[in-house]
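For the sequence shown, position 138 (counting from the first letter as 1) is numbered 137 according to numbering that gives the first Met the number 0, and the numbering increases by one without interruption.
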Amino acid sequence: MIKNRWMIPALFGAICAVLAVCSFALSSEGVVHSGAEGLKIGQAKTWAGLELEPNRRYVLKLQPSSGVQLNNEVIVSATLSRDDATLFTIEDAYWHERGHWSEGGESGSWEEQNSSSEFSFVVPEAGKYDLELALESATSIAGDRIEMLLVWKEPWPLTAWPLIIGAFALFALAGWSHSTRRAAMGRFIEELGEGTRLRIAEMEYSVIGRMEHWEPPERVGVEFRLRGTDGSERWLAVERYWREHPYIEDGEQTLVQTLLDVPLSPVQSEKLAEHDAGVRNVRFGADLYDRDKENCGFGTLVTIRDGAAYQTRYSVDVYRLDRFPSAPGDLWIECMKWIDSGEIEWAVMRIADTDEIDVLEPKIAVQMSRAEIFDDGPAKADPFGVAQLRGPRADVNRTSSAATKDEKQRQPHDMNS
Numbered sequence: 000m001i002k003n004r005w006m007i008p009a010l011f012g013a014i015c016a017v018l019a020v021c022s023f024a025l026s027s028e029g030v031v032h033s034g035a036e037g038l039k040i041g042q043a044k045t046w047a048g049l050e051l052e053p054n055r056r057y058v059l060k061l062q063p064s065s066g067v068q069l070n071n072e073v074i075v076s077a078t079l080s081r082d083d084a085t086l087f088t089i090e091d092a093y094w095h096e097r098g099h100w101s102e103g104g105e106s107g108s109w110e111e112q113n114s115s116s117e118f119s120f121v122v123p124e125a126g127k128y129d130l131e132l133a134l135e136s137a138t139s140i141a142g143d144r145i146e147m148l149l150v151w152k153e154p155w156p157l158t159a160w161p162l163i164i165g166a167f168a169l170f171a172l173a174g175w176s177h178s179t180r181r182a183a184m185g186r187f188i189e190e191l192g193e194g195t196r197l198r199i200a201e202m203e204y205s206v207i208g209r210m211e212h213w214e215p216p217e218r219v220g221v222e223f224r225l226r227g228t229d230g231s232e233r234w235l236a237v238e239r240y241w242r243e244h245p246y247i248e249d250g251e252q253t254l255v256q257t258l259l260d261v262p263l264s265p266v267q268s269e270k271l272a273e274h275d276a277g278v279r280n281v282r283f284g285a286d287l288y289d290r291d292k293e294n295c296g297f298g299t300l301v302t303i304r305d306g307a308a309y310q311t312r313y314s315v316d317v318y319r320l321d322r323f324p325s326a327p328g329d330l331w332i333e334c335m336k337w338i339d340s341g342e343i344e345w346a347v348m349r350i351a352d353t354d355e356i357d358v359l360e361p362k363i364a365v366q367m368s369r370a371e372i373f374d375d376g377p378a379k380a381d382p383f384g385v386a387q388l389r390g391p392r393a394d395v396n397r398t399s400s401a402a403t404k405d406e407k408q409r410q411p412h413d414m415n416s
């Protein structure tokens, strides 16, 4: 399931971490020779009779004892030989530089250095080898003191560092999957169709209706009519909201949110119905919700049935608290005005915690492209009408924009009788 998919990279990351620890624990190493020699330019020092074996990896480490002074350079070479036959010769320069830069009215300083080196090697056969260390050149006339360390290693078959890097990458992927799981779950849900079975908060529901919200050329949301095993009906929606990006200046962010309707009492429904469409503020409970003009606008409700797309035009106003709703439990208040009929419908939706939604039996929805919906002749009005599409929630909340205040207060009772 999408909500648990982060566990897959987390599991493999944990396996990599365990293997890395095993690699460190089971690998072994030891010192073949270590020492320091004060050398003059052109002078060499040989360590003779070093016992080396072909089944081990050796690492030669070299560095000037006191580092490299500023604006100085030291060049060192090392040669490994056996019976006057040279296996390899390496040379490295150790240096230290500092300076200033200026460009385009800006300036600063820089500093670079190379003060040590490591060289890994293996030998073709067991035996005694000679290692010669030479000071090829140095800025100091007196020469330099060079430290040398030769160690052997028997690594575990699996190298630790790739495993550590892999573990960090997998844990990062797990964190990203966990943080984006709600949006991913929303995108999965909006592709479902009628007949899908869901479980929400221990109650099983079947999808008995599916409607798409279009703001051409894009589909911006999907709404589902659900029927529970106890006969109750609810509304589930996946909508997209826009806000200023919290970290990028002058940037926008699109949030995919999964919403569930908040069941309203008759008193709450009547209070909401007293508001006119497009008002600046809406009071719900003890809080005052402000109109979010960035997410208000016009659209088309599309229902696909028997290979045909039926359309109903609407305008929508949404209201929120000062803090942008983004966490499970945060509320949106929605006022939908059906353009063709002039009817108004109020609803309160809360952001759902998708971890509590289980898709028991998915049914993929029949879908049509934008061109198939909007360019295939004149729009087809849904023969069942808005009320049939929107269900009992519309019967409770739908009011006429031309009704008086008394009529608005009376309509919810009339429509339920």
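Backbone N, C-alpha and C define an ideal beta-carbon position, used for all residues, glycine too.
- In the DSSP assignment, GLU344 falls within the unbroken beta strand (DSSP E) covering 342-350.
- The three-state secondary structure of THR353, taken from DSSP, is helix.
- Just measuring C-alpha positions, the residue of TYR57, ILE40, ALA173 and LEU132 sitting nearest ALA9 is ALA173.
- Linking PRO361 to ILE188 through their CA atoms gives a straight-line distance of about 9 Å.
- DSSP places LYS127 in the uninterrupted beta strand (DSSP E) bounded by 126-137.
- Along the length of the stretch 201-256, whole alpha helix (DSSP H) runs at least 4 residues long do not occur.
- Taking all protein chains in view, the Cβ of LYS292 is surrounded by fewer than 16 other Cβ atoms within 10 Å, so the residue is classified as exposed.
- Put simply, of SER231, GLU146, TRP109 and GLY103 the residue whose alpha carbon is nearest the alpha carbon of ASP260 is SER231.
- For MET147, the beta-bridge partners assigned by DSSP are GLY34 and LEU61.
- Of all C-beta pairs linking the stretch 204-223 to the stretch 235-249, three or more are shorter than 8 Å, placing the two stretches in contact.
- In this structure, SER76 places its C-beta atom within 8 Å of the C-beta atom of ALA133.
- Cα atoms of ALA272 and ILE163: separation of roughly 60 Å, rounded to the nearest angstrom.
- Following the DSSP letters along the chain, one finds GLN267 inside the alpha helix (DSSP H) bounded by residues 265-272.
- Taking C-beta separations shorter than 8 Å and ignoring five residues to either side along the sequence, the partners of LEU49 in its chain run VAL31, HIS32, LYS127, TYR128, ASP129, LEU130 and LEU149, following chain order.
- Following the DSSP letters along the chain, one finds GLY174 inside the alpha helix (DSSP H) bounded by residues 159-178.
- Cβ contact annotation for SER136 (same chain, cutoff 7 Å, sequence separation greater than five): ILE40 and ILE74, in chain order.
- In terms of Cβ geometry, THR311 and TRP337 form a close pair [threshold 8 Å].
- TRP94 and GLU72 do touch by the CB rule: their CB atoms are close to 4 Å apart, below 8 Å.
- Contact check between the stretch 106-125 and the stretch 56-66: three or more CB pairs, one atom from each, fall below 8 Å, which counts as touching.
- Contact between MET348 and GLU333 holds: CB atoms are separated by about 6 Å, below the 8 Å threshold.
- In the structure shown, MET367 falls within a coil segment according to DSSP collapsed to helix, strand and coil.
- Closest option to ALA276, judged by alpha-carbon separation, among THR299, GLU344, ALA19 and ILE356: GLU344.
- In terms of Cβ geometry, PHE297 and LEU169 do not form a close pair [threshold 8 Å].
- Exposed is the label assigned to HIS99, since fewer than 16 other Cβ atoms lie within 10 Å of its Cβ.
- Secondary structure of LEU259 (DSSP, three-state): strand.
- In the assembly as shown, ARG233 is a buried residue. Its beta-carbon has 16 or more other beta-carbons within 10 Å.
- Counting the other Cβ atoms within 10 Å of the Cβ of PHE87 gives fewer than 16, which makes it exposed.
- Ranked by Cα distance from ALA308, the first of GLU111, LYS379 and ARG186 is LYS379.
- In chain order, ALA35, GLN62 and SER64 place their CB closer than 6 Å to the CB of GLU146, counting only its own chain and leaving out the 5 sequence neighbours on each side.
- According to DSSP, TRP100 shares a beta bridge with GLY107.
- Here the C-alpha atom of PRO265 lies approximately 15 Å from the C-alpha atom of HIS274.
- Judged by DSSP secondary structure, CYS334 falls within the beta strand (DSSP E) whose first and last residues are 330-337.
- Taking a 10 Å sphere around the C-beta of PRO324, we find 16 or more other C-beta atoms and assign the residue as buried.
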